[in-house]
Structures are given as C-alpha cells and as structure tokens.
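> All residue numbers for the sequence shown refer to the numbering used here, where the first residue is 31 and numbers rise by one.
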Amino acid sequence: MVFDNFDTPTFVDGEEYADWVFAEETPEVVRIRVSSKHLTFASKIFSTMLQGPWAEATTSFSSQRNPRRVSTSAWDAKAFAIVLDAIHGRVQKIPRRINLVLLARIATIVDYYQCYESLELLSDVWLSDESVAEEDFDSYTVNSLLRLYVAWVFEDEVIFSAEAHRALRNSRGLSEFQLNDLPVGGVLDVLNDKRTELIGRLLEGLNDLRESLHTEDGCPGLGLSDCSSTLLGMLMREGVRWQKDYQPLTTPYCGHSVVTMMGLIEEIPRPKQFHPRYNNSGRGRSGEANAYHRQCSCTIQGRMQALVEQVNNDSLRFHPSQIQGWGLRQKEPD
31 MVFDNFDTPT FVDGEEYADW VFAEETPEVV RIRVSSKHLT FASKIFSTML QGPWAEATTS
91 FSSQRNPRRV STSAWDAKAF AIVLDAIHGR VQKIPRRINL VLLARIATIV DYYQCYESLE
151 LLSDVWLSDE SVAEEDFDSY TVNSLLRLYV AWVFEDEVIF SAEAHRALRN SRGLSEFQLN
211 DLPVGGVLDV LNDKRTELIG RLLEGLNDLR ESLHTEDGCP GLGLSDCSST LLGMLMREGV
271 RWQKDYQPLT TPYCGHSVVT MMGLIEEIPR PKQFHPRYNN SGRGRSGEAN AYHRQCSCTI
331 QGRMQALVEQ VNNDSLRFHP SQIQGWGLRQ KEPD
C-alpha cells in the first residue's frame, strides 16, 4: 500500500519539522504564518486563491489584525512545512537527506500547487542521494512507484526512464498495488497499455507459430515434418498447462508481466534433436545425400527468438516523451 496513513516515517535529519504548535481546540490542525507575496510568486494555484474572487482573497477586518487565511487538508505537516520554507527561501534548515516516502509527499504538494521552481535545486539534491537509489532492475515494489512519481514531478529523465522500464517489464497489472493518495495513476495507465500491447504481441506470435506448425510441410531447418509435429504438440500442451496453472491469458493479462511471459516461453520443453528419415539410397526426404548426418535443432524458443528480442528491445526503448505531459514545464515561457 502507498501512503496508507499520514504519518511520515522518521528521516535522517531535519527533525526541527517535528516540533509544531497545534491549535489547542483541534489537535489535527497546524497553523503556519506565511507571506502572500511569496506564495503568489511561487505558485499559480496560490496566486489564484489569494488574488482571485475566492474566500482566501478577502478579509472581514483589516489585513493587519486578521490576515487572510488559506485552508488546506490532508497534507503531511512535515512535507508541507518543507515546501513552504523553500518557497520563502528559508533553505538553511531544510534537510538534505530525506526518505523516499517523505520525498513523494513533498512531490505531491509541489505538483498540486505547481511550485516546481522553488523546489528545483533541493529536488536535485534529494534525487541524487543514495536513499533514492535504484533497486535491482528486476525488482518492482512500492518504492519503484514512489521513485516513478517523484521523477515525474521533478522531471528527472534518468530516474523516470529507469522506473518506467522497470514498471513496463515487471508490472503484473494496475491492481498489483493500492495507490491510495499517490497520484501516479495517469502515468501507470500509459505504461500498462504498453505492457498489455507487448504481452499481446508475444501471445499473437505463439498463435501464429501454432498455425504455421499445423500447416507447414516441414520445419525451416531441415524440412522435417516430425519436427513440426513434435513442436506443435509441445506448444499445445503448454497452452493447456498455462490455462490450468496461471491466471487467464486474456486482456489485460492481470497477474502477468512482460518478463514472466518471456519466461514462460523460455521454459517450454525443448525436444530431442531429430535425424532426418532417409530412403534406401541414403538420401533424406529433401534429396540431400548427407542429410542423415545432420541434426535438426528446432525449438519453440528458436522459432520465437526474433519476436521475443523485438519485444524486449521495445520495452527498453520506452521514453518519457511517449507520455503526454512530460517536459511541458521545460517548454513554458519564463
């Protein structure tokens, strides 16, 4: 589960953000005095709230005695305080090392209020820290989603590409993790559509191979009909076993990833090598005089090799630009 509560885990330093003066009548409320000028300059959202026809832009009495108030809810207090300190230029006490969960919560606030520039330099420091380092490439966990989202918000192409590739190859479907408050669903939808496409191409390739084995007179190697018949039987048996042992191989292929699908293909049994049958003249059915001294090494894997390599390469070539919205802030005029 992601963001299953609003209590930030302990992080390395910056513990000054743990000391808060809560409103006595409502312990869940945190009050922070801020500068409206700083907020409106840093955030389009705050600018609209404080300068437009909203309740936050008006006061009942003089602004000195009753300053305007901006109410918000559900944010992590530590994360929100760090964002506000960055907006106000109070960066000296902001921690340079934070855990991934807190960083994701900061990114959520930054994305909501669109105050990216105020956190740009700090985010570079945080994202370069070893606490946000990659896991094993074949490991797909909740931390992968957190890194994916943080890299999306702060437009870190290196980290985002790595996590997008990880998700694309290892995700078993959108239901694998409960996202809760992590607003990464739009990105995952795009990756899941690509994942579904790649798995579909592998299954379509297996179906095409089955049809070829059923209709061809002999294998491509030595033209042996026995080879084609054996591979067809193996492929059909594996199909039955997959239906029995695994989740349904139907769109959107829940429970299956690109990597596990390629693994299923790799695990299909390989037949023993065939000698061509020969007649009394010593010639094989193909008419080749020394055909008997050759062996056919056809396998399902060999017949699928080109397609599997193509799918694997396509999964590694996925680029952030294929997701709508990537890099738009870099193109915005100053």
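For each residue, glycine too, the CB sits at the ideal point set by N, CA and C.
Here the structure is a predicted model, which is why all the values come from computation and not from measurement.
My output table needs one value for serine 92: the three-state DSSP class, helix, strand or coil.
Counted from its first residue, the sequence shown places residue 92 at position 62. Because the pLDDT of serine 92 is 39, which lies under 50, any placement of that residue in the model is unreliable, and the number read from its coordinates should be weighed accordingly. It is coil, neither helix nor strand.
> What's the gap between the Cα of glutamate 227 and the Cα of glutamate 296?
Locating residue 227 in the sequence shown gives position 197, where the first residue counts as 1. Locating residue 296 in the sequence shown gives position 266, where the first residue counts as 1. Cα to Cα, the separation comes out at about 19 Å.
> Roughly how many whole angstroms lie between the Cα atoms of leucine 132 and alanine 109?
In the sequence shown, the residue the question calls residue 132 occupies position 102. In the sequence shown, the residue the question calls residue 109 occupies position 79. Going from the Cα of leucine 132 to the Cα of alanine 109 covers about 6 Å.
> Between which two residues does the alpha helix (DSSP H) containing isoleucine 189 stretch?
Sequence index remark: in the sequence shown, residue 189 carries index 159 (1-based). Taken as a continuous stretch (DSSP letters only), the alpha helix (DSSP H) holding isoleucine 189 covers 187 to 200.
> Using the C-alpha atoms, what's the distance from methionine 79 back to glutamate 55?
Along the sequence shown, read from residue 1 onward, the residue named residue 55 stands at position 25. Along the sequence shown, read from residue 1 onward, the residue named residue 79 stands at position 49. Bear in mind that the predicted position of glutamate 55 carries a pLDDT of just 43, short of 50, making it unreliable; the figure below should be weighed with that in mind. Approximately 26 Å between the Cα atoms of the pair.
> How many Å lie between valine 338 and glutamate 150 at the Cα?
In the sequence shown, residue 338 corresponds to position 308, counting from 1. In the sequence shown, residue 150 corresponds to position 120, counting from 1. Rounded to the nearest angstrom, the two C-alpha atoms are 40 Å apart.
> Under the three-state reduction of DSSP, which class applies to valine 180: helix, strand or coil?
Numbered from 1 along the sequence shown, position 150 holds the residue referred to as residue 180. Reduced to three states, the DSSP call for valine 180 is helix.
> Taking C-alpha atoms, which residue in Glu147, Ile128, Val100 lies nearest to glycine 119?
For this step, residue 119 is matched to residue 89 along the sequence shown. Ranking the options by Cα distance to glycine 119, first place goes to Glu147.
> For valine 59, name the three-state secondary structure that DSSP assigns.
Sequence index remark: in the sequence shown, residue 59 carries index 29 (1-based). Valine 59: coil per DSSP, three-state reduction.
> Please work out which residues of its chain come closer than 7 Å, Cβ to Cβ, to tyrosine 170, disregarding the five sequence neighbours upstream and downstream, and give them in chain order.
Translated into positions along the sequence shown, residue 170 becomes position 140. Excluding positions up to five away in sequence, the list reads Arg196, Ala197, Asn200, Ser201.
> Could you work out which residue in Pro125, Val60, Ile128 is closest to arginine 99 when comparing CA atoms only?
Working through the sequence shown from its first residue, we reach residue 99 at position 69. Ranking the options by Cα distance to arginine 99, first place goes to Val60.
> Is the beta carbon of glutamine 277 closer than 8 Å to that of cysteine 284?
Taking the sequence shown and counting its residues from 1, the one referred to as residue 284 is at position 254. Taking the sequence shown and counting its residues from 1, the one referred to as residue 277 is at position 247. Closer than 8 Å, so yes.
> Using the Cβ count rule (16 or more neighbours within 10 Å means buried), how would you classify serine 205?
By 1-based counting over the sequence shown, the position of residue 205 is 175. Flag for serine 205 reads exposed.
> Could you tell me the distance, in whole angstroms, from the CA atom of histidine 349 to the CA atom of aspartate 219?
Counting from 1 along the sequence shown, the entry for residue 349 is found at position 319. Counting from 1 along the sequence shown, the entry for residue 219 is found at position 189. Whole-angstrom Cα-Cα distance: 15 Å.
> Determine whether the beta carbon atoms of tryptophan 30 and isoleucine 128 lie at a separation below 8 Å.
Because residue 30 is not part of the residues shown, which for the chain are 31 to 364, the question remains open.
> Is the CB-CB distance between alanine 137 and phenylalanine 207 below 8 Å?
In the sequence shown, residue 137 corresponds to position 107, counting from 1. In the sequence shown, residue 207 corresponds to position 177, counting from 1. Not a contact, by the Cβ cut-off of 8 Å.
> When we look at the beta-carbon of alanine 116 and count the other beta-carbons within 10 Å, is it buried (16 or more) or exposed?
As a first step, residue 116 must be located in the sequence shown, where it is residue number 86. So alanine 116 counts as buried.
> Please go through the same chain and pick out, in chain order, the residues whose beta-carbon is closer than 7 Å to the beta-carbon of serine 258, but skip the five residues on each side of it.
Counting from one through the sequence shown, the residue named residue 258 turns up at place 228. So the list reads Leu243, Glu246, Gly248, Cys249, once near-sequence residues are dropped.
> Of all the options Val121, Leu130, Ile62, Gln122, which has the alpha carbon lying nearest to the alpha carbon of serine 101?
Here residue 101 is taken as the residue at index 71 of the sequence shown, counted from 1. Selected option, being the one with the closest Cα: Ile62.
> Between which two residues does the alpha helix (DSSP H) harbouring histidine 286 extend?
Numbered from its first residue, the sequence shown carries residue 286 at position 256. First-last for histidine 286: undefined, no H or E at that position.
> Specify the secondary structure class of glycine 293 as computed by DSSP and reduced to three states.
Numbered from 1 along the sequence shown, position 263 holds the residue referred to as residue 293. Looking at glycine 293 - three-state DSSP - the assignment turns out to be helix.
> DSSP on serine 169, reduced to helix/strand/coil?
One-based indexing of the sequence shown puts residue 169 at position 139. The answer is coil: DSSP assigns serine 169 none of H, G, I, E or B.
> Grab the span of the alpha helix (DSSP H) containing arginine 347 for me, first residue to last.
Start at 1 with the first residue of the sequence shown, and residue 347 comes out as number 317. Per DSSP, arginine 347 belongs to no alpha helix (DSSP H) and is neither H nor E.
> Buried or exposed, going by whether 16 or more other CB atoms sit within 10 Å of the CB of proline 125?
The count along the sequence shown starts at 1 and reaches residue 125 at position 95. Buried.
> Using DSSP with H/G/I as helix, E/B as strand and the rest coil, what is aspartate 159?
Here residue 159 refers to the residue found at position 129 when the sequence shown is read from its first residue. Residue state, collapsed to three classes: coil.
> Please report the distance separating the alpha-carbon of alanine 181 from that of glycine 355.
On the sequence shown, residue 181 is found 151 positions in, with the first residue counted as 1. On the sequence shown, residue 355 is found 325 positions in, with the first residue counted as 1. Taking the straight line joining both Cα atoms gives about 13 Å.
> Is the separation between the beta-carbon of leucine 209 and that of arginine 177 shorter than 8 Å?
Within the sequence shown, numbered from 1, the residue matching residue 209 stands at position 179. Within the sequence shown, numbered from 1, the residue matching residue 177 stands at position 147. Going by C-beta atoms, leucine 209 is not nearer than 8 Å to arginine 177.
> Quick one: what's got a C-beta closer than 8 Å to leucine 262's C-beta in the same chain, skipping five residues either side?
Walking along the sequence shown from the start, residue 262 turns up at place 232. So the qualifying residues of the chain are Arg240, Leu243, His244.
> In or out: leucine 114 buried (at least 16 other Cβ within 10 Å) or exposed?
As a position in the sequence shown, residue 114 is number 84, starting the count at 1. Classification of leucine 114: buried, given that the 10 Å Cβ count is 16 or more.
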